[in-house]
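Peer 1: First, the structure itself, so that you have it in front of you.
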Amino acid sequence: MQINLTENEKRDIAKYLESGKPLPEKYRFLLFEEKKEVELVWNGKTSEVTNVVLPFQTIEVVDEPRAENPDETKKQQTLFDFDDRGRQITGWTNKLIWGDNKLILSSLKGGVLREEIEKAGGLKLIYIDPPFDVGADFSMKVEIGDDELTKRPNVLEELAYRDTWGKGADSFISMIYERLSLMKDLLADDGSIYVHCDWRVNSYLRLALDEIFGSSAFKNEISWCYKTRQFSKKYWNRKHDLIFFYTKSNNYTFNVDQVLSPLSESTIKKYKLVDDQGGRYRLNGRGITGSPIRSAKDVEAKWETTHPELVVRDYLREGYPPEDYWMIDIVNQAAHERMDFPTQKPEALIEKIIKASSNENDLIADFFAGSGTTLAVAERLGRKWIGADLGKFAIHTTRKRMINIQRDMKNAGQDFRAFEILNLGRYERQHYIGVNLNLREEQKQKQLEKKESDFVKLIIKAYKAEAIDNFKTFSAKKAGRLVAIGPINMPASRLFVEEVIKECIEKQITRVDVLSFEYEMGLFPKIQEEAKGKGIDLALKHIPREVFDKRAIEKNQIEFHDVSYIEVKPHVKKGTVAVELTDFSVYYNQDIVDNVVASIKNGSNKVLVEQGNIIKISKDKDGIVTREVLTKEWTDWIDYWAVDFDFESKQEIKRVKNEVGEVKEAWTGDYIFENEWQSFRTKKDRSIELISVAHECQKGRRKIAVKVVDIFGNDTMKVIDVNI
Numbered sequence: 028m029q030i031n032l033t034e035n036e037k038r039d040i041a042k043y044l045e046s047g048k049p050l051p052e053k054y055r056f057l058l059f060e061e062k063k064e065v066e067l068v069w070n071g072k073t074s075e076v077t078n079v080v081l082p083f084q085t086i087e088v089v090d091e092p093r094a095e096n097p098d099e100t101k102k103q104q105t106l107f108d109f110d111d112r113g114r115q116i117t118g119w120t121n122k123l124i125w126g127d128n129k130l131i132l133s134s135l136k137g138g139v140l141r142e143e144i145e146k147a148g149g150l151k152l153i154y155i156d157p158p159f160d161v162g163a164d165f166s167m168k169v170e171i172g173d174d175e176l177t178k179r180p181n182v183l184e185e186l187a188y189r190d191t192w193g194k195g196a197d198s199f200i201s202m203i204y205e206r207l208s209l210m211k212d213l214l215a216d217d218g219s220i221y222v223h224c225d226w227r228v229n230s231y232l233r234l235a236l237d238e239i240f241g242s243s244a245f246k247n248e249i250s251w252c253y254k255t256r257q258f259s260k261k262y263w264n265r266k267h268d269l270i271f272f273y274t275k276s277n278n279y280t281f282n283v284d285q286v287l288s289p290l291s292e293s294t295i296k297k298y299k300l301v302d303d304q305g306g307r308y309r310l311n312g313r314g315i316t317g318s319p320i321r322s323a324k325d326v327e328a329k330w331e332t333t334h335p336e337l338v339v340r341d342y343l344r345e346g347y348p349p350e351d352y353w354m355i356d357i358v359n360q361a362a363h364e365r366m367d368f369p370t371q372k373p374e375a376l377i378e379k380i381i382k383a384s385s386n387e388n389d390l391i392a393d394f395f396a397g398s399g400t401t402l403a404v405a406e407r408l409g410r411k412w413i414g415a416d417l418g419k420f421a422i423h424t425t426r427k428r429m430i431n432i433q434r435d436m437k438n439a440g441q442d443f444r445a446f447e448i449l450n451l452g453r454y455e456r457q458h459y460i461g462v463n464l465n466l467r468e469e470q471k472q473k474q475l476e477k478k479e480s481d482f483v484k485l486i487i488k489a490y491k492a493e494a495i496d497n498f499k500t501f502s503a504k505k506a507g508r509l510v511a512i513g514p515i516n517m518p519a520s521r522l523f524v525e526e527v528i529k530e531c532i533e534k535q536i537t538r539v540d541v542l543s544f545e546y547e548m549g550l551f552p553k554i555q556e557e558a559k560g561k562g563i564d565l566a567l568k569h570i571p572r573e574v575f576d577k578r579a580i581e582k583n584q585i586e587f588h589d590v591s592y593i594e595v596k597p598h599v600k601k602g603t604v605a606v607e608l609t610d611f612s613v614y615y616n617q618d619i620v621d622n623v624v625a626s627i628k629n630g631s632n633k634v635l636v637e638q639g640n641i642i643k644i645s646k647d648k649d650g651i652v653t654r655e656v657l658t659k660e661w662t663d664w665i666d667y668w669a670v671d672f673d674f675e676s677k678q679e680i681k682r683v684k685n686e687v688g689e690v691k692e693a694w695t696g697d698y699i700f701e702n703e704w705q706s707f708r709t710k711k712d713r714s715i716e717l718i719s720v721a722h723e724c725q726k727g728r729r730k731i732a733v734k735v736v737d738i739f740g741n742d743t744m745k746v747i748d749v750n751i
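Put into structure tokens, the structure is as follows:
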């Protein structure tokens with residue numbers, strides 16, 4: 028490309044560059060060829076997308092609802108083959124993935140699961156509802172007896188949200204642009220994508236989708252209209268969201284007959300329409316065709332003698348073609364589908380999209396899954412699915428929802444697919460620290476070191492430990508124990524803890540504390556047992572969110588709590604075993620009592636967590652403060668628990684591509700938790716069983732695994748030896 032600049036313009040550019048000042052806007056068009064289309068520009072814009080491929084780890088498999096008695100058959104109907112335990116061994120297994128969806132999308136795009144997706148027919152439909160509300164409160168209410176505890180987003184979710192909106196629209200559009208680019212690559216050539224938004228970001232998203240998919244791929248801007256109690260006296264009340272519908276090509280699915288708008292009663296009455304038992308309508312036994320209907324009398328007169336045969340107008344089948352505005356109410360408080368999850372969308376809304384743009388047995392995906400509405404509707408409509416979310420509580424909520432759907436489908440005699448819970452394991456260091464990838468390599472390295480250093484100093488101070496040097500994985504020591512600090516914005520993975528254990532062996536260290544905001548699903552207790560077998564006392568502790576409160580650190584109010592503790596008791600009798608949950612201990616802290624007392628007004632109260640107890644702090648009209656412990660029993664902390672009656676029967680196999688593209692399989696050394704029985708609380712039923720069904724087992728020794736998920740969505744597992 029030839030650049031035609033005058034000598035004055037060249038000198039002008041050199042002057043700006045030497046002084047380190049930005050060039051005036053006019054040089055953008057003088058230096059670069061003119062764009063033919065409208066372009067969306069933001070600070071730091073790049074067309075590059077991550078190509079990182081990390082291995083997926085299978086944490087849990089659920090392919091049947093709980094057995095109610097030992098004799099109950101475990102097999103479903105006809106879709107799949109089963110092993111001798113009744114486990115699905117053929118066909119697509121649905122995927123529920125916990126982690127950063129950017130890394131999930133990149134790993135799906137370039138990893139071995141891509142082949143599995145293609146074998147399943149390709150990804151035909153994507154629906155996403157990304158976080159578009161900059162002021163949204165993503166806290167949730169957790170029921171404790173007659174009271175409610177506010178569950179705030181965990182640190183990882185807050186950091187991700189901060190990355191999304193840290194620089195306002197710039198950071199949001201940068202986040203979504205890269206993810207949409209990855210989604211386009213994953214989408215089948217005949218696939219469709221629906222993107223949900225509202226007035227805050229609709230203009231940015233429309234332009235971004237035009238750039239990525241092409242303006243010709245745009246099909247609809249759908250207005251979802253709803254009723255809410257909010258109102259304004261300063262502007263027109265905002266009572267609709269937008270859904271952008273794009274396709275990857277002109278060859279796509281659109282099942283108009285599945286989403287016809289129903290004929291009104293007045294239309295049916297006016298034209299005396301009756302069903303001809305083929306789902307199509309006719310008038311008084313005679314067909315309706317030709318020019319638009321004027322009246323029943325006109326049609327009867329025209330066709331009475333000349334056309335006695337039955338001819339049916341296509342547009343009067345079961346309704347008329349649907350419009351791009353939908354009147355669907357939001358999920359109300361009493362709705363059966365309500366999960367009390369922020370931003371939950373009604374199933375009727377998602378059902379309309381799935382019916383129109385996919386067929387039975389197609390594969391669909393939602394990479395901002397939330398409470399799992401897309402996946403729930405997909406399962407009921409006979410579609411395969413992939414769901415992903417960064418929130419561990421979202422994954423847990425979806426797990427319970429999908430098990431309930433399995434139970435409903437089982438009771439109705441319908442087939443249902445297995446689903447597995449996956450984790451993005453063995454994170455690489457550069458992906459968890461949050462470095463700006465647009466910087467030069469030298470600048471990135473400096474930013475990486477600075478962020479790590481600041482983070483480590485903060486945690487050491489809060490933990491009241493002493494900093495140390497000359498170790499690979501250890502940053503501090505406290506009371507004769509060395510301290511390793513996990514990543515900032517990713518879970519501490521097995522790889523991270525294995526490196527800690529390796530250095531312990533090399534340097535003969537026997538007492539270690541590992542601190543992290545989150546831990547990889549299924550990490551403990553196995554990793555602690557491995558460390559114990561090597562002579563290492565390994566303690567895993569959660570870093571509390573209060574570490575970012577400088578006042579709390581200065582007052583020595585930060586408490587690091589241990590991972591939860593489970594006690595179980597097996598009941599062996601005549602070739603069966605049942606498992607009883609006998610104790611569950613947690614050590615959480617959420618908020619600091621002194622801070623809460625200072626913040627609440629007279630005549631109000633707040634519920635918080637202190638040293639594993641849920642406490643209600645109340646202040647009467649005179650300012651007198653009282654405390655009430657709401658957790659009366661250890662069972663109050665349990666939201667869900669499940670049993671695998673033969674834990675070491677299913678090895679976790681890692682499949683990765685080598686340099687030449689060959690897929691290699693290897694056992695990771697871990698086992699997959701196969702969910703065979705479970706009990707959990709629901710919105711309508713807050714009770715929970717504490718002893719499982721008696722499960723038939725072959726004679727001999729076996730390991731039984733018990734998984735408990737607390738009311739915050741954190742999971743803990745215990746493995747016991749049983750002799751049948």
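For what it's worth, the numbering used here labels the leading residue of the sequence shown as 28, then goes sequentially. Beta carbons: idealized from backbone N, C-alpha and C, even for Gly.
Got a sec? Which residues, its chain only, sit under 6 Å from Arg757 by beta carbon, not counting five neighbours each side?
Peer 2: Summary: the structure shown does not reach residue 757, with the chain confined to residues 28 through 751, and so no result is reported for it.
Peer 1: Using only alpha-carbon positions, find the residue among Phe523, Gly409 and Phe271 that is nearest to Glu387.
Peer 2: Within the sequence shown, residue 387 is the residue found at index 360, counting from 1. Minimum Cα distance to Glu387 is reached at Gly409.
Peer 1: Can you tell me which of Ser612, Thr280, Pro349 and Tyr54 puts its alpha carbon nearest to the alpha carbon of Leu290?
Peer 2: To locate residue 290, count along the sequence shown from 1; it is residue 263. Looking at the Cα atoms, Pro349 is the closest of the given residues.
Peer 1: From Asp197 to Ser133, what distance separates their C-alpha atoms?
Peer 2: Looking up residue 197 in the sequence shown gives position 170. Looking up residue 133 in the sequence shown gives position 106. In a straight line, the C-alpha of Asp197 is about 22 Å away from that of Ser133.
Peer 1: Would you kindly check if the distance between the Cβ of Leu135 and the Cβ of Trp251 is under 8 Å?
Peer 2: Here residue 251 is taken as the residue at index 224 of the sequence shown, counted from 1. Here residue 135 is taken as the residue at index 108 of the sequence shown, counted from 1. Contact flag unset, no.
Peer 1: Would you give the residue range spanned by the alpha helix (DSSP H) that Lys246 belongs to?
Peer 2: Position 219 of the sequence shown, counted from the first residue, corresponds to residue 246. Element bounds for Lys246: not the alpha helix (DSSP H) but the beta strand (DSSP E), Phe245 to Cys252.
Peer 1: Using only the alpha-carbon positions, how far apart do Val483 and Ser502 sit?
Peer 2: As a working mapping, residue 483 is identified with position 456 in the sequence shown. As a working mapping, residue 502 is identified with position 475 in the sequence shown. Each residue's alpha carbon lies about 7 Å from the other.
Peer 1: When the Cα atoms are used, what is the spatial distance from Glu142 to Gln441?
Peer 2: Translated into positions along the sequence shown, residue 142 becomes position 115. Translated into positions along the sequence shown, residue 441 becomes position 414. So the two alpha carbons sit approximately 28 Å from each other.
Peer 1: May I ask which residues mark the beginning and end of the alpha helix (DSSP H) holding Ser706?
Peer 2: Taking the sequence shown and counting its residues from 1, one reaches residue 706 at position 679. Ser706 -> not in any alpha helix (DSSP H); beta strand (DSSP E) instead, spanning Trp704 to Phe707.
Peer 1: Assuming Ile486 contacts Val574 (C-beta within less than 8 Å), just tell me the rounded distance between them.
Peer 2: To locate residue 486, count along the sequence shown from 1; it is residue 459. To locate residue 574, count along the sequence shown from 1; it is residue 547. Confirmed, Cβ separation roughly 6 Å.
Peer 1: Just tell me which of Phe674, Glu526, Arg426 and Gly148 has its CA closest to the CA of Phe707.
Peer 2: Position 680 of the sequence shown, counted from the first residue, corresponds to residue 707. With distances taken between Cα atoms, Phe707 lies closest to Arg426.
Peer 1: Tell me which residues share the same chain as Ser719 and place their Cβ nearer than 7 Å to its Cβ, disregarding the 5 neighbours each side in the sequence.
Peer 2: Residue 719 sits at position 692 when you count from the first residue of the sequence shown. Hits under 7 Å: Ala605, Val606, Val670 and Trp704.
Peer 1: When DSSP labels each residue in this structure, what does Asn622 get in the three-state scheme?
Peer 2: On the sequence shown, position 595 is the one that residue 622 refers to. Residue state, collapsed to three classes: helix.
Peer 1: Are the CB atoms of His423 and Gly740 nearer to each other than 8 Å?
Peer 2: Position 396 of the sequence shown, counted from the first residue, corresponds to residue 423. Position 713 of the sequence shown, counted from the first residue, corresponds to residue 740. Yes, the Cβ-Cβ distance between His423 and Gly740 is below 8 Å.
Peer 1: I'd like to check one pair, Ile380 with Tyr221: are the Cβ atoms closer than 8 Å?
Peer 2: Walking along the sequence shown from the start, residue 221 turns up at place 194. Walking along the sequence shown from the start, residue 380 turns up at place 353. Cβ atoms of Tyr221 and Ile380: closer than 8 Å.
Peer 1: My assumption, with CB atoms under 8 Å, is that Arg206 sits in contact with Lys710. Please give the rounded CB distance.
Peer 2: Stepping through the sequence shown from its first residue, residue 206 is reached at position 179. Stepping through the sequence shown from its first residue, residue 710 is reached at position 683. The Cβ separation is near 31 Å, so there is no contact.
Peer 1: Look up Glu87 in the DSSP assignment and give the residues it is bridged to.
Peer 2: Here residue 87 refers to the residue found at position 60 when the sequence shown is read from its first residue. According to DSSP, Glu87 bridges with Ile448 and Phe700.
Peer 1: Quick check on the DSSP output: the beta strand (DSSP E) that includes Thr743 runs from which residue to which?
Peer 2: Here residue 743 corresponds to residue number 716 of the sequence shown, with the count starting at 1. Element bounds for Thr743: Asp742 to Asn750.
Peer 1: Please name the residue or residues paired with Val80 in a DSSP beta bridge.
Peer 2: Locating residue 80 in the sequence shown gives position 53, counting from the first residue. In the DSSP output, where bridge partners are listed per residue, Val80 has none listed.
Peer 1: Pull up the DSSP beta-bridge partners for Gly414, would you.
Peer 2: Along the sequence shown, read from residue 1 onward, the residue named residue 414 stands at position 387. DSSP output for Gly414 lists Leu123 and Asp393 as bridge partner(s).
Peer 1: Apart from the five residues just before and just after Asn229, which ones in its own chain have a Cβ nearer than 7 Å to its Cβ?
Peer 2: If you number the sequence shown from 1, residue 229 lands on position 202. So the list reads Leu269, once near-sequence residues are dropped.
Peer 1: Where does Gln678 land, buried or exposed, given buried means 16+ other C-beta within 10 angstroms?
Peer 2: Translated into positions along the sequence shown, residue 678 becomes position 651. Classification of Gln678: exposed, given that the 10 Å Cβ count is below 16.
Peer 1: Relative to the alpha-carbon of Glu66, which residue among Ile747, Asp610, Gly148 and Asp237 has its alpha-carbon at the smallest distance?
Peer 2: As a first step, residue 66 is located in the sequence shown; it is residue number 39 there, counting from the start. Comparing Cα-Cα distances from Glu66 to each of Ile747, Asp610, Gly148 and Asp237, the minimum goes to Asp237.
Peer 1: Leaving aside the five residues before and after Gly399 along the sequence, list all residues of the same chain whose C-beta is less than 7 Å from its C-beta, in chain order.
Peer 2: For the purposes of this step, residue 399 is taken as the residue at position 372 of the sequence shown. The answer, listed in chain order, is Gly414, Thr424, Thr425, Arg428 and Met429.
Peer 1: Give the C-beta separation of Asp589 and Tyr614 to the nearest angstrom, bearing in mind that I take them to be a contact with Cβ-Cβ under 8 Å.
Peer 2: As a working mapping, residue 589 is identified with position 562 in the sequence shown. As a working mapping, residue 614 is identified with position 587 in the sequence shown. Contact flag correct, Cβ pair sits at about 5 Å.
Peer 1: How many Å lie between Ile644 and Asn583 at the Cα?
Peer 2: Looking up residue 644 in the sequence shown gives position 617. Looking up residue 583 in the sequence shown gives position 556. Whole-angstrom Cα-Cα distance: 21 Å.
Peer 1: Among Arg654, Lys534, Ala405 and Ile680, whose alpha-carbon lies nearest the alpha-carbon of Val634?
Peer 2: Taking the sequence shown and counting its residues from 1, one reaches residue 634 at position 607. Out of Arg654, Lys534, Ala405 and Ile680, Arg654 has the C-alpha closest to the C-alpha of Val634.
Peer 1: Exposed or buried, which one is Gln371 when buried takes at least 16 other CB atoms within 10 Å?
Peer 2: Stepping through the sequence shown from its first residue, residue 371 is reached at position 344. Answer is buried; the Cβ neighbour count reaches 16.
Peer 1: Tell me the DSSP bridge mates of Ala511?
Peer 2: Position 484 of the sequence shown, counting from 1, holds the residue named residue 511. Per DSSP, Val541.
Peer 1: Taking the CB atoms as reference points, tell me whether Asp351 and Pro373 lie closer together than 8 Å.
Peer 2: Walking along the sequence shown from the start, residue 351 turns up at place 324. Walking along the sequence shown from the start, residue 373 turns up at place 346. No.
Peer 1: Any idea what DSSP makes of Gln472, helix, strand or coil?
Peer 2: Against the sequence shown, residue 472 aligns to sequence position 445. In the structure shown, Gln472 sits in a helix (DSSP, three-state: H, G or I).
Peer 1: Out of curiosity, what's the CA-to-CA distance linking Asn277 and Ile432?
Peer 2: Taking the sequence shown and counting its residues from 1, one reaches residue 277 at position 250. Taking the sequence shown and counting its residues from 1, one reaches residue 432 at position 405. Rounded to whole angstroms, Asn277 to Ile432 spans 35 Å at the Cα level.
Peer 1: Per the DSSP calculation, Ile155 is bridged to which residue(s)?
Peer 2: Locating residue 155 in the sequence shown gives position 128, counting from the first residue. Per DSSP, Val222.
Peer 1: To the nearest angstrom, how far is the alpha carbon of His782 from that of Glu594?
Peer 2: A query on residue 782 cannot be resolved here, the shown segment of the chain reaching from 28 to 751 and no further.
Peer 1: When the Cα of Lys659 is compared with those of Glu675, Asn640, Leu140 and Phe674, which residue comes out closest?
Peer 2: Your numbering for residue 659 matches position 632 in the sequence shown. Selected option, being the one with the closest Cα: Asn640.
Peer 1: Enumerate in chain order the residues of its own chain whose CB-to-CB distance from Ser208 is below 6 Å, with the five nearest sequence positions on each side excluded.
Peer 2: As a first step, residue 208 is located in the sequence shown; it is residue number 181 there, counting from the start. Closer than 6 Å at Cβ, skipping near neighbours: Val76 and Ile239.
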